[in-house]
C-alpha cells in the first residue's frame, strides 16, 4: 500500500493507460481524482474505484484548472499528478492545418503544462509528477508529426519540472511507452493499412506502463527525477 493517505490526479483516466494507472494506484491505497472527457465512462470507473470523477475537456484550460481545484477542495492536497490524456492525428505534414496542430497540442501538451503550473503552486510539501510521453520522441514513423512533437515537448517539460521542482521537493519524470494494446493503437490507420507492422512480442499491456508509473510516483523512486523511462519490451534496442 505505497500510496496510503496520498491523493493522485490522473488525466485520461477512463480508458487505456490512464485506466490501468488508476486501477494500479487504487490497488496500492491511493485516493484518486480522475479526469477524462468521457463523463459516462469516467463515472463508472470512479464508482468502481471509489474515486472522485472530474469530467473535463483537458484542452479547456479554465475547466482543467477548476477540476484540479475541486480535487484540492475534496482531499486537501494533491500528492501526485499523472498526465496521460492524449490523441493522435494521422496526416502528412503538408496536409495538417493550424487547427490540427492546435487541437493535438492542447490535449497532449498544453494540458500537462497547465496542470504542472497548478501542481507547482499547490504542492507545498512536495510531490511527484509523471508524464506519459512516447518512444516517438526517439524514433518515429510517417503521418504522426504533431503527436511525436507533442510527446517530445512533454519529455522536455518533465526535465524542466525536475529542475525547477527540486527546491520544492517535487520530482518529475516521464515514461516512454512503446506499442501498447489500447484503442489508440488498434485504431491506428498505420497499423490497419500495414504501413507499420508490429510483432506480438513488441506490444505491451497498459498494466506494464502502469507499473512503471507507480514506481516513479512512489517513494521507491525518491532519488529519481528528470529521467525518461523507456517501457517498450526492448523494441528500440533492435537494429
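Residue numbers (the working numbering): -8 to 230. All C-beta atoms in this analysis are idealised placements derived from N, C-alpha and C, irrespective of residue type, glycine included.
The region 156 to 167 makes no contact with the region 183 to 194: fewer than 3 CB pairs, one atom from each, lie closer than 8 Å. Judged by their CB atoms, residue 163 and residue 153 are nearer to each other than the 9 Å cut-off. Each of 214, 33, 1, 34 was checked against the Cα of residue 59, and the nearest Cα belongs to 1.
With distances taken between CA atoms, residue 41 lies nearest to 13 out of 81, 13, 90.
Residue 24 sits away from residue 54, with the two beta carbons spaced by 9 Å or more. As for any alpha helix (DSSP H) of minimum length 4 sitting wholly inside the region 96 to 160, the runs are 102 to 113, 136 to 156, ordered along the chain. Going by DSSP, residue 25 is part of the beta strand (DSSP E) stretching over 22 to 27. Spanning the alpha carbons of residue 75 and residue 191 requires a straight line of approximately 24 Å.
Here the alpha carbons of residue 126 and residue 113 stand approximately 31 Å from one another. Apart from the 5 residues on each side of it in sequence, residue 103 sits with its Cβ closer than 7 Å to the Cβ of 74, 122, 145, 148 in its chain, given in chain order. Under the DSSP assignment, residue 2 falls in the beta strand (DSSP E) whose first and last residues are -2 to 2. Residue 135 and residue 129 have their C-alpha atoms spaced approximately 13 Å apart.
Look at residue 196 here: in three-state DSSP terms it is coil, with no helix or strand label. Taking C-beta separations shorter than 7 Å and ignoring five residues to either side along the sequence, the partners of residue 33 in its chain run 4, 5, 25, 27, 44, 46, following chain order.
For the pair residue 216 and residue 142, the CB atoms are not nearer than the 9 Å cut-off. Annotation: the continuous alpha helix (DSSP H) that includes residue 10 extends over 7 to 18. Residue 41 sits in coil when the DSSP states are folded into three classes, being neither helix nor strand. Its Cα nearest to that of residue 119, the residue 206 stands out among 133, 206, 49, 101. Sorting -1, 218, 96, 201 by C-alpha distance to the C-alpha of residue 66 places -1 at the top.
Separation of residue 70 and residue 108 (C-alpha to C-alpha, rounded to the nearest whole angstrom) is 14 Å. Residue 50 holds the alpha-carbon nearest to the alpha-carbon of residue 94 among 218, 50, 31. For residue 163, the secondary structure class from DSSP, reduced to helix, strand or coil, is strand.
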